[in-house]
Structures are given as structure tokens and as C-alpha cells.
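In order, the protein sequences belong to chains A and B.
First residue of the first sequence: 1, per this note's numbering; consecutive thereafter.
First residue of the second sequence: 1001, per this note's numbering; consecutive thereafter.
Cβ atoms here follow ideal geometry from the backbone N, Cα and C, with glycine treated the same way.
To keep things clear, I will list the structure first and then write my remarks on it.
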Amino acid sequence: MSPLQACLLISALLFAIGFAGAVTRRHAILVLIGIELMLNAANLNLIAFWRFSPHPEALTGFIFVLFSMAMAGAEAAVGLALIIAIYRHKKTSNLDEVKELKG
Amino acid sequence: MIWIVKNLWLIPALPLFAAGIIAVNKQPARKLAATLAIGSMALGFLLSLCAFSATLGHHGEGAFREVFSFNWIQFGGQWMDIGWVLDPLTAIMLVMVTFVGMLIFIFSVGYMAHDENFMRFFCFLALFASGMLGVVIANNLFLFFVSWEIVGLTSYLLIGFWYHKPSAAAAAKKAFITTRIGDLGLLLGMVWLYAQTGTLNFYTPEHTGCLETAALNTMLAAPPVAGFAVVTAIGLLIFLGAVGKSGQVPLHVWLPDAMEGPTPVSALIHAATMVAAGVFLVARVYPLMSIGGIIGAHGVPVTTSLTVITWVGAITAIFAASIAVAQNDIKRILAYSTVSQLGYMMMGLGVGGVAVGMFHLITHAFFKALLFLGSGSVIHGCHEEQDVRKMGGLKKYMPVTFAVYAVGMLALAGFPLFFSGFWSKDEILHSAHNWPVSHIPFLLGCTGALFTAFYMTRQVALVFFGSYRGHEDRSAHGHTAPDHSHSSEFHSHDPHESPAVMTVPLIILAGFAILLGFVGTPAWPWFDGYLTGEEFKLDFSKLAEPGTLGLMVASAAIVFTGLGLGWFLYGKRQRKTVAEKDVLEAAQPFIYKLLENKYFIDEIYEATVIRFNAFAARLCDFADQWIFGSAVLLVKYVTVGLAWLYRLTDEYFVNLGFDTGCEALREGGGGLSKLHTGRVQTYLRIIGVALVALIIFLIWGRKA
């Protein structure tokens, strides 16, 4: 097993864990955490493909992941804000009860 | 062109506007209604005087005539014109109608004071005046016909004014239907005239009107139809209209029944103006009636149409006058007298031309309006009593009414020298005497004059002389009306004189009943000269000519005989009680019965015309029910059958397909909508599963 394959395997595991969390959890924040895990699995893939590519000195994958993480931070902020808004409105953060678009 | 010719339309338009304003006014504004109606007539009278003065002073230069026409309705390439004509005939009628109308309107204010439908009454009166004035000014047979029908309609409305009385409603219907028979003739004549001449204008500036020489000669040249010259046939058809409107035999039956209307209506419509419209029609189309005739000894043409007119007139005159002898309703006596006088006018037109007939029309309008309004005053004073047997001695209670009534009665009877009726009737008799065809109309006319003097004397003697029999009737028969039940009230129910608003018009009319005669005496034939535009001069020697003088003496003798006979039978020896038999009835019960029942004309019509009509109606009903009805039924069943077929096709073929399609769509939509739960995680799960499936598929596919 090459280092790249090991990285990809870890990344796939991470993605699967995140996906399972996002699908099975009922609490909105836990679902958000699952989504973050899946995002980070993708980031790990990007880093791995860059590090074991023919031209690792170009820093392309690194820059890409840096942007991606910044975006993930923004996304988490927006997601949390939405969850708080929903909680204030519905007095719950259980996703099963939040299934109507009409407010 | 004089301004008045152009603006002649204002005269009928003013009362029309008045009627319109009264009709749309919801408020019970009695004063406004009366003011508008009377005001429009007064203005119309002033305009008529202007028109009249414009026609004066043309003696010796032919008849004055100016017309004003413009296009009205287009059909095909032809235009129907509307227009008015101003000639002496129009002018004199305008003045008469507006003046008499105005006086009668004023009288109505008093007579109808207690009627709750006062406004409706004035609306109809004004509408009537408008129609009548339209008839007078029309320069077109079509406009004439339209106005003629407005007049007929208002006559119907006003006869049936008290429509809650079944007799009034029936009389209105009778009048309308009877005159309609005549109007059909007029309409046919009108259409035929149009077919022959291509125009309905009476006169045009280019002399192409249907009463002018060119058109008349075209008609004369047309080939005869069924033995009648075309011009005669058209003339007789138009005359049929006049027969209906002017109550000539045999269509006279409606006029006496028309007395069910309020008395001012009887005076205005059924004595002075509307019934004279028929006479006016004949006078208007006189050129048509007289064309192609042999000119008789006195310059009067003799044609088939004019001969028919003369005979009908003469028969009507004697026929109605004899019926009037045996009537007991004060208004019915006058109604039959009107019919008889209209007969005289027709006869005058036939034997002597326009001037003779029209002169009697004008004088008659004044004294008959006077008599009717006088009888209205009597009826008003006697608390709506109309039976002359229940009156008597009113001279004491109603001196003014008596005086004016006596004037009217003497004018109608033709009392010599001082009353208009004498001169106008004498002129007719004079012309009839000179008529070359036959002497019988003259004799009939003389007998009619005798009857006229007789029945008028009888009426006046019964109404105004002797002692009042109204009380005696009430005490003898309990009470005639519910509100007369207390004997102590009898004194307040003495007859009383009418208010000034009613007596003043009477006095004015009485003045004219006397004065008008002097414009048409043989010594000063102003009226004749005015209508024909011929020269004339004051010549007293004409009075003393043997023919004229002899006839005047003879007619005076007839009148005196009638007056004397009437006074001898009814005045000298007054009836004592209401139930007492009439003198004539005691002497000649059979004849009296015949006259009292109007020669059983109504009954004859009932047995013949009406029975035939009922039979025809039943026949039509039968045909309608069984022949046309079954045809309609058949069509109905076919339609219903087709409808069934359509429905079945629709339900079981067309709809079924659509329904299935719709159902499938709806179910598909319902199934899909189940996926749409709103649970984000479910979506995510599906995406995940789908992703895995996609990857497996791709890998598997790559390998394969």
C-alpha cells in the first residue's frame, strides 16, 4: 500500500463517518458536524493528491485547501446562525420536526 | 323662408318635453306638472299665432305654402324625409288645437284637483297634444302616421285613465282596437301610395310631393286594380283610417264608450281635436281624393272617393243624431252628437271641399269643447252624477255653467245668425244642396239637423230646467253612493257652481262659439278665401241671393222645429221622478228601445264580427295546438334524442379517456409527492445511496 492509497483510505473512512453522522443524527448541530467531517475528508484528498503529485513545489493543493477551510468556517458560521434562528422559532433543533418550508 | 317655418317643430316638441319632464319627476309636484303642461301649450299657442300671421294676407295669390324637409331614415338608396308644412290648413288647426287645448288643460286643473294621479294625467295630456300637433304640421304621410299613432296611444291611455273601473279598461281596449282597423287601411294606403309615387312627402319645393300634380297624374295613368282606379283605391284606404279615427259608421262604436275617460279628455280628445284628425287627414289629402273628378256646377269636383266620403258622412250624421235622442247619459248624448257632427264634416268635405269641412271642424271644436267642459262642470257640481234623469233645475245652482252651456247648445243646434254652428252647418247643407250626384245626403243632413236641435233641447231641458231630482232619487232608492247615506247631509250635496279655474275657460270658449261664425258667412267668406287663397270681398247682397236665402230660411225653420219640439216634449212638461218613462218611450216604445240601444250595433258586432273573430281564434288555437304544436313536438323529440346520443358519446367515450388520463396523472403526482417529505436527512440518505449505487455501477461498468 502506497502512502497515497493509505491517505485515500483514511479520507474515505472519514467521509463515511461524516456521512453516517449527517444522515443518522437528529440534532441539527451534530448533522452540521457530520457535514464538516465530510468536507475535511475531501480536503484530505486534495492535500494527498497534491503531496504525491509530480510537482509538489507548486503549492496548488495547499492553497486550494486553505480556501476551502476558510469557506468551511464561513459555512459553519452561517449554518449555526440558521440553527439558532430555527431553534428560536420552533423551540427545537430536532430535524424531524423541521420539515416545513412554511414558517 | 320665414323663421317660423323652420321652427314649426317647436310647437309639438314643447308639450313633448313637458310630458317627458313630468314623467321622470318622481316627486308629487302637481303645480309643476300643471304649469309645464299649460305653459308648453301657451308657448305653442304664441308660436301658432306667429305661424298664423305668416299665412295671412295672401288672398288673391293662391294658397300660401312653405315646407321644410330633411332626410330622416335611409333604406336602400332611398331617403325617407321628415318635415313640416306651413299652409293655412296647418296654421288654423295649430291655433285651434293649442288654444282649445290650453283652455282644457286649465279646466283640468280644477276638474282633476282631487285625483291622486294628477301628474300622470297631465303627462298624458301633454303627450297627446304633442302627437296631435305633430299630425297637424306633418309634411309627410310617415311622420303623420307616427303622430297619428301617438295620438291613438294617448287616447287609449286616457280613456283607460281610471283603469280600476272595468268599464273604462274595456272602453280603452275597444277604442284602440276599433281605430286599429282603420289604421290598417291607412297604412296600406300609405304603402301603396309610396309604391306608386316613390315619396310620402305631401309637398316639396321642387313640386315632386305625392299631393302635387306630377305625382297625381302618374297615379291617374296607372292601370286600374280590380276595377278601381289606383288613385281611388288609395284614397279609400286612407279614408278608412279617417273612418276609424273620426268615428264614422261603421267604426263609430268606440267613440261613445270613450266617454269613460275623465271629462276634459272627452272634451279635448274625443270631441275637439283627435276625432277631428280624421277629417283633417281627408282635408290634407284632398288633392288625392279630388284628382280626375268631373268639376260640378259650383266648382266642386266629383270623384268616387269623394262620393263615398259624402255618403258615409251623411249616414253617420243622421244615424248618430237619431241615437243621441234616446240617450240618458249626459256625456253619451254629446258623444253621439260628436259622431254626428263629424259626419257633417265628412259630408262637407265630400260635397264642398276643404274649406266647407274645415270650417265646421273649427267651429265645432270650440262649441263641442265648450259643451263637454260644461257637462264636466255639471258632473263635477252634481257629485259625479252623469244621468240626465237625476239632474234638473241646475239653472238655479249653476248660473254660469247654464249660460255658457246654452251658448254651446244653440251653436250646436245651429240657432240662426248669431251662433257659429249655424253658419258652418249651413255652408255644408248649401253645398250638399248643390251636389250634382244625389239629393239624399242633403235630406239626411236636414233631418240630422232637426234631430240635433231636438236632442240638445231635450238635454238642456232635462239638465237645467224643472226641479232638481237628485235628492228624490236618493230618498227613493236609499242611497246611490256610500258617502251619501245620512239624510242630514243632503243640503251639503246640493249641486254647486264650479270654481273659476273651470268656468273662465268655459266663458272664453263660449265667446268663440259665437264669434267664429262670422268669419265664414256667405257675405264675408274669409275662411274660404283664407284656405284657398282666393280673392273675396264683403258683400251683403250674397246673403239675399235666392238659393242662399231660401236655404237659410229652411235650415232656420228646421232648427226652430227641433227646438220647439224638444221644448214642447221635455221643457214644458218636466218629468217628475227619475223612474218616469221618457215621453218618446211612452209614445213609441219600440223605436225608443231601438234608439236607446244604439240600433243594437254593439250586439250585431257581438254576434257577427266578434263571434267570427272568436271562431278564428279557436281555429288558430286548434291549428296551434295540433298542427304547429305537433311539428314543434317532433322537432323537440328529435333534438332530445340527439342530445341523448351526444351525452352517451361524451360520457362513455370521450370523458372516459380523459378521466383515465387525469386519474393516472393525479395518482402519479400523489406518489411522487410522498417522496417530498421535507426531511432533509431523507434526501441526504437518498443522495448517499444513489452516489454509492452510481459508483458501483461505474466501477462495474469499467470492469465489464
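Open item on the list: Measuring straight from C-alpha to C-alpha, what distance separates K1598 of chain B and F1105 of chain B?
Closed with: 32 Å
TODO: Drop a sphere of 10 angstroms on the beta-carbon of I1699 of chain B, count the other beta-carbons inside from all chains shown, and report buried for 16 or more, exposed for fewer.
DONE: Classification for I1699 of chain B: exposed.
TODO: Give the C-beta separation of T1677 of chain B and K99 of chain A to the nearest angstrom, bearing in mind that I take them to be a contact with Cβ-Cβ under 8 Å.
DONE: 6 Å
TODO: Could you tell me which of B:L1240, B:F1442, B:M1347 sits nearest to L1551 of chain B, measuring between CA atoms?
DONE: The candidate whose alpha carbon is nearest that of L1551 of chain B is B:F1442.
- [ ] Ignore the nearest five residues each way along the sequence and tell me which others in F1415 of chain B's own chain have a CB closer than 7 Å to its CB.
- [x] F1422, V1559
Open item on the list: Tell me the residue span of the beta strand (DSSP E) that contains M1080 of chain B.
Closed with: 1078–1086
- [ ] Note down the Cα distance separating G1110 of chain B from G1057 of chain B, rounded to an integer number of angstroms.
- [x] 39 Å
TODO: Compare the C-beta of L95 of chain A against all C-beta atoms of chain B and say whether one is closer than 7 Å.
DONE: Yes - at least one Cβ of chain B is within 7 Å of the one on L95 of chain A.
Task: Extent of the continuous beta strand (DSSP E) run through F1454 of chain B - done: From DSSP, F1454 of chain B is part of no beta strand (DSSP E) but of the alpha helix (DSSP H) over 1440–1464.
- [ ] Leaving aside the five residues before and after M1456 of chain B along the sequence, list all residues of the same chain whose C-beta is less than 6 Å from its C-beta, in chain order.
- [x] M1409, L1412, A1413
Task: Chain-ordered chain A contacts of G1678 of chain B [CB-CB under 9 Å] - done: V98, K99, E100, L101
Task: Straight-line gap, L14 of chain A to C7 of chain A (C-alpha atoms, nearest Å) - done: 10 Å
- [ ] Alpha carbon to alpha carbon, how far is R1065 of chain B from T1310 of chain B? Give it in angstroms, no decimals.
- [x] Each residue's Cα considered, the two are about 27 Å apart.
Task: DSSP state of E1603 of chain B mapped onto helix, strand, coil - done: helix
Task: Contacting residues, own chain, Cβ-Cβ under 8 Å from I1038 of chain B (five flanking each side not counted) - done: M1102, F1105, I1106, V1109
Open item on the list: Going by DSSP in three states, V1285 of chain B sits in which element: helix, strand or coil?
Closed with: coil
Open item on the list: If the cut-off is 8 Å on Cβ atoms, which residues from the stretch 1677–1703 of chain B count as contacting chain A, listed in chain order?
Closed with: T1677, G1678, R1679, V1680, Q1681, L1684, R1685, G1688
TODO: Taking only heavy atoms of the ligand MG into account, decide whether any of them is closer than 6 Å to the Cβ of W1524 of chain B.
DONE: The model depicted lacks the ligand MG and carries no ligand whatsoever.
Open item on the list: Can you confirm whether V23 of chain A, when its beta carbon is compared against all beta carbons of chain B, has any partner nearer than 7 Å?
Closed with: It does; some Cβ of chain B falls within 7 Å.
- [ ] Taking all protein chains shown into account, decide if G1160 of chain B is buried (16 or more other Cβ within 10 angstroms of its Cβ) or exposed.
- [x] buried
TODO: Would you kindly work out how many angstroms separate the C-alpha atoms of F1454 of chain B and Y1570 of chain B, rounded to a whole number?
DONE: 10 Å
Open item on the list: Relative to the C-alpha of F1145 of chain B, which candidate in B:F1419, B:Y1203, B:I1238 has its C-alpha closest?
Closed with: B:I1238
Open item on the list: I want to see whether chain B comes within less than 7 Å of F49 of chain A, judged by CB atoms only; does it?
Closed with: no
Task: Under 8 Å (Cβ pairs) to chain B, residues found in the stretch 55–72 of chain A - done: none
- [ ] Name the one or two DSSP bridge partners that I27 of chain A has.
- [x] According to the sequence provided, residue 27 of chain A is His. The question's Ile does not apply to it. For H27 of chain A, which the question treats as bridged, DSSP gives the partners A:N94.
Open item on the list: Run through the DSSP bridge pairs and tell me what W1524 of chain B is partnered with.
Closed with: In DSSP, W1524 of chain B forms a bridge with B:T1521.
- [ ] Enumerate in chain order the residues of its own chain whose CB-to-CB distance from P1205 of chain B is below 8 Å, with the five nearest sequence positions on each side excluded.
- [x] V1067
Task: Residues bridged to F1070 of chain B (per DSSP) - done: For F1070 of chain B, the beta-bridge partners assigned by DSSP are B:I1082.
Task: Sufficient close CB pairs (3 or more, under 8 Å) joining the stretch 1112–1127 of chain B to the stretch 1023–1040 of chain B - done: yes
Task: Candidates B:A1175, B:L1153, B:A1242: closest to M1190 of chain B by CA position - done: B:A1242
TODO: Give me the Cα-Cα distance between A1631 of chain B and R1611 of chain B, rounded to the nearest whole angstrom.
DONE: Taking the straight line from one Cα to the other gives about 29 Å.
- [ ] For I1389 of chain B, I'd like the list of residues in its chain whose CB is within less than 6 Å of its CB, leaving aside the five on either flank, ordered along the chain.
- [x] According to the sequence as given, residue 1389 of chain B is Arg; it is not Ile. Excluding positions up to five away in sequence, the list reads N1328, V1578.
Open item on the list: Would F1176 of chain B and Y1156 of chain B qualify as a contact pair, given that the criterion is a beta-carbon distance under 7 Å?
Closed with: yes
Task: Min CB distance F19 of chain A to chain B below 7 Å - done: yes
- [ ] For T1639 of chain B, count neighbouring Cβ atoms within 10 angstroms of its own Cβ and tell me buried if that reaches 16, exposed if not.
- [x] exposed
- [ ] Output the boundary residues of the alpha helix (DSSP H) element that contains Q1327 of chain B.
- [x] Note, Q1327 of chain B: premise wrong, no alpha helix (DSSP H); not H, not E.
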